[in-house]
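For reference, the structure discussed in these notes is given below.
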Ligand SMILES: NC(=O)c1ccc[n+]([C@@H]2O[C@H](COP(=O)([O-])OP(=O)(O)OC[C@H]3O[C@@H](n4cnc5c(N)ncnc54)[C@H](O)[C@@H]3O)[C@@H](O)[C@H]2O)c1
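Residue numbers (this note's numbering): 409 to 663.
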């Protein structure tokens, strides 16, 4: 997004090397942001940085584990030094473990909660400090899930992390509002062609797509537009909301 003074605003997208985060990074770049991507996947990171630079977009890929507060703080400092102070944080880095609770290892539980929930907190705190220092407001968008509201057997850690993200979003929205920082969530449904969801598999889709009123699984690009909207000036009076991007899936959810 370009300011009234013709400057590109700066967005940080975590988990932006692949999947929904990558689609969001590309979309924000197209919508006029300079884009920094935080991810652990070094090769995919340099690919996205090069792609954005080739398109003439000021961009930076930083290898950051969102669970590591020191690495996140260093990453934010690099963004400030090389692209300018951020205006937007999209928290998207996430992992999924599918296993019945009675067989779930404590390390697996911790990995999901650390990445999906604590990682979002760590990044929101670090970027929140940077945003607060500018006094110019900002935008935080947390990528949650239909699992913030609707559980599935075998997803206890993931469901708990995504439910936690929704409450974290509302809590931060309340706390950051006096600084002009909006905090919202998007809740994707079934989004295929990402590493987390796996490539679209005919058998899996055949079982799931009938539960989606719009009649198809989503693509990462279906989520990128709503994320960009929540980062835009048009969303300046929107805070503390969850925007589900699920083709109506939650309308048919039952537990
Ligand atoms: N795909 C879906 O159906 C779906 C549905 C709802 C919500 N989501 C959520 O969307 C987000 C993105 O999912 P996706 O499907 O695009 O997955 P993905 O696996 O394609 O992308 C996730 C990215 O996060 C990165 N990442 C993982 N752990 C990290 C860490 N500790 N530090 C930094 N980066 C890390 C990965 O390297 C990867 O690039 C996740 O939060 C996921 O829970 C996905």
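Glycine included, every Cβ here is placed at the ideal spot set by N, Cα and C. Because the structure is a prediction, the values reported are computed rather than measured.
Ligand 1 heavy atom lying under 6 Å from the CB of residue i
i, result
"residue 447", "yes"
"residue 619", "no"
"residue 437", "no"
"residue 609", "no"
"residue 602", "yes"
"residue 625", "no"
"residue 420", "no"
"residue 639", "no"
"residue 464", "no"
"residue 553", "yes"
"residue 461", "no"
"residue 598", "yes"
"residue 426", "yes"
Where residue i falls, given that 16 or more other Cβ within 10 Å makes a residue buried
i, result
"residue 553", "buried"
"residue 632", "buried"
"residue 462", "exposed"
"residue 575", "exposed"
"residue 465", "buried"
"residue 458", "exposed"
"residue 543", "exposed"
"residue 645", "exposed"
"residue 434", "buried"
"residue 451", "exposed"
When the options are compared against residue i, the one with the closest alpha-carbon
i, options, result
"residue 597", "620, 591, 615, 586", "620"
"residue 505", "661, 590, 560, 430", "560"
"residue 555", "543, 570, 565", "570"
"residue 550", "411, 410, 432", "432"
"residue 602", "410, 428, 416, 417", "428"
"residue 625", "639, 638, 607, 640", "607"
"residue 520", "544, 650, 409, 568", "568"
"residue 593", "440, 586, 573, 475", "573"
"residue 652", "517, 640, 635", "635"
"residue 548", "477, 623, 641", "641"
"residue 525", "647, 474, 455, 591", "474"
"residue 482", "495, 460, 444", "444"
"residue 600", "419, 426, 418, 422", "426"
"residue 447", "622, 479, 618", "479"
Per DSSP, cross-strand counterpart(s) of residue i
i, result
"residue 416", "410"
"residue 495", "Bridge partners of residue 495: none, in fact."
"residue 467", "443"
"residue 651", "594"
"residue 626", "599"
"residue 545", "Residue 545 is not bridged to any residue."
Does the region 491-501 come within contact of the region 530-543, defined as at least 3 CB pairs closer than 8 Å? yes
State whether the region 478-489 contacts the region 506-513, with contact taken as three or more CB pairs (one from each stretch) at a distance under 8 Å. no
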